[in-house]
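All remarks here apply to the structure that follows.
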Amino acid sequence: MSLRNYLDKIRPNFDEGGKLHAFKSVFDGFDSFLYVSSETSRSGVSIHDAIDSKRIMSLVVLALVPAMLFGMYNIGYQNAAAAGRLAEASCWGMFLYGLLALLPNILVSYIVGLGIEFAWAQWKGEEIQEGYLVSGILIPLIIPVTTPLWTLVLAVAFAVIFTKEIFGGTGMNIFNVALAARAFLFFSYPSRMTGDSIWVARESIFGLGYTLPDGFTMATPLGQIGQGVTVNASLQDMITGLIPGSVGETSVIAIAIGAVILLWTDIASWKTMLSVFLGGTVMGLIFQSSGATPIPWYEHLVLGGFCFGAVFMATDPVTSARTETGKWFYGFFVGAMAIIIRVLNPGYPEGMMLAILFGNMFAPLIDYCVVQSNISKRAKRAK
């Protein structure tokens, strides 16, 4: 018997009147995740697009795969480089080490996040949604690989409950869920999210990798800039991503592959994405001309989480501006604000996280102003 036939056979137990009706939300969640819904519209409305939230989330996860795979390799690469054993380390060995180091973070993120979503849907008697499929992989990619699992549990629980579920679930949240988890970690446990000792995995895993000495430190390029130290990474290293940093944010090439997938499938808005880079470029040029930043404007665009945020975070269709004109203003605001925070506040050398959260907060206002402007223009034409 096929899995589809088996699920159809046991479905009456979960329907109204069935002995397992209390668990209908859980059953529907698994069924929806595995198969296309068999429900169709009965209102006479014709739907011409086969895309749904599950497929959108799946495509975003697919776009994140290149950054995730490179991040795994870079974890092993940075560990070998820190141990001074890069010459003898193999590519596959470094990748496997990174996989083993990152896997617990991914598992904890999904187990805690999906567990809360399943429990919440069961409690409310609602359908389980697929929104956390993306957030679950984003969170491990935007934090240091050395983040303790217990703090990750708290961050995921906080983000899912207070950023998403209390607002109504997927599609109703005001702030990006993954960034809310990162912000929780950043402000609640700053020593786990900032400094020079958190960016490189330090322990050997099942005989792979190298155990680093106590007290070992390695700063990110943005951390070096904040400390007034000369950056020791080349532009090539910044683009390829062979530098310390959050797992998925270092490789511009891997992020660019993800951007192509999102744009080709029309999942992300090219207007938002492009305007983020325009805002960062303009503000970077202003600070460079005034001598306020020690690096060229274009290095700001390839360092830290700028590219990752522009491609995967700022383009979130739920928390970003939705009007076509508003997307230009929203993206420009995010890009410019990220550089402003980096340059003017050394305590926040990254900047992109706060910039996008500020953008999320102002996105409804931007859309409101755009809509009111259009209404005023049409009213004048009518007169």
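Read in order, the letters of the sequence shown correspond to residues 1 to 383 in the UniProt record's numbering. We put the beta carbon where it would ideally sit given N, CA and C, even for glycine. As the structure is a prediction and not an experimental result, all values here were calculated from the model.
(message) Can you tell me whether L107 is buried or exposed? The criterion is at least 16 other CB atoms within 10 Å of its CB, across all chains shown.
(response) exposed
(message) Considering only their Cβ atoms, is the gap separating L152 from V247 smaller than 8 Å?
(response) Taking 8 Å as the Cβ cut-off, V247 and L152 do not qualify as a contacting pair.
(request) Within its chain, find whatever has a CB closer than 7 Å to the CB of L179; leave out the 5 residues flanking it on each side and keep chain order. (result) Taken in chain order, the residues that qualify are M313, M353, I356 and L357.
(message) Counting C-beta neighbours from all protein chains within 10 Å, is the total for G44 16 or more, i.e. buried, or is it exposed?
(response) The predicted model places G44 with a pLDDT of 48, which falls under 50 and marks its position as unreliable; any figure quoted below should be read in that light. Its Cβ having fewer than 16 others within 10 Å, G44 is exposed.
(message) Rounded to the nearest angstrom, what separates N232 and Y330 at their Cα positions?
(response) 33 Å
(message) For R378 and R322, I'd like the C-alpha separation in whole angstroms.
(response) In this structure, the straight-line span from the alpha carbon of R378 to that of R322 is close to 20 Å.
(request) Would you check if the distance between the CB atom of M238 and the CB atom of V302 is smaller than 8 Å? (result) yes
(request) Determine which residues share a DSSP beta bridge with L208 and list them. (result) Beta-bridge pairing links L208 to I205.
(request) Kindly indicate which residue of G305, F287, F186 and G209 has the alpha-carbon position closest to the one of G241. (result) G305
(message) Is the beta carbon of N74 closer than 8 Å to that of T250?
(response) yes
(message) Could you tell me which whole alpha helix (DSSP H) segments of length 4 or greater appear in the segment 85-167?
(response) 91-124, 132-141 and 149-158
(request) Using the Cα positions of A81 and L263, report the straight-line distance between them to the nearest angstrom. (result) 35 Å
(message) Counting beta carbon pairs with one atom in the segment 277-292 and one in the segment 331-342, are three or more of them shorter than 8 Å?
(response) Between the segment 331-342 and the segment 277-292, the count of C-beta pairs closer than 8 Å reaches three or more; the two stretches touch.
(request) Kindly indicate which three-state DSSP category A382 falls into: helix, strand or coil? (result) Helix, per DSSP.
(request) Count the other C-beta atoms from every protein chain shown that fall within 10 angstroms of the C-beta of F167, then say buried if there are 16 or more, exposed otherwise. (result) Result: exposed.
(message) If I follow the unbroken alpha helix (DSSP H) through I221, where does it start and stop?
(response) The residue asked about is misnamed: residue 221 is Pro in this sequence, not Ile. Residues P221 to G226.
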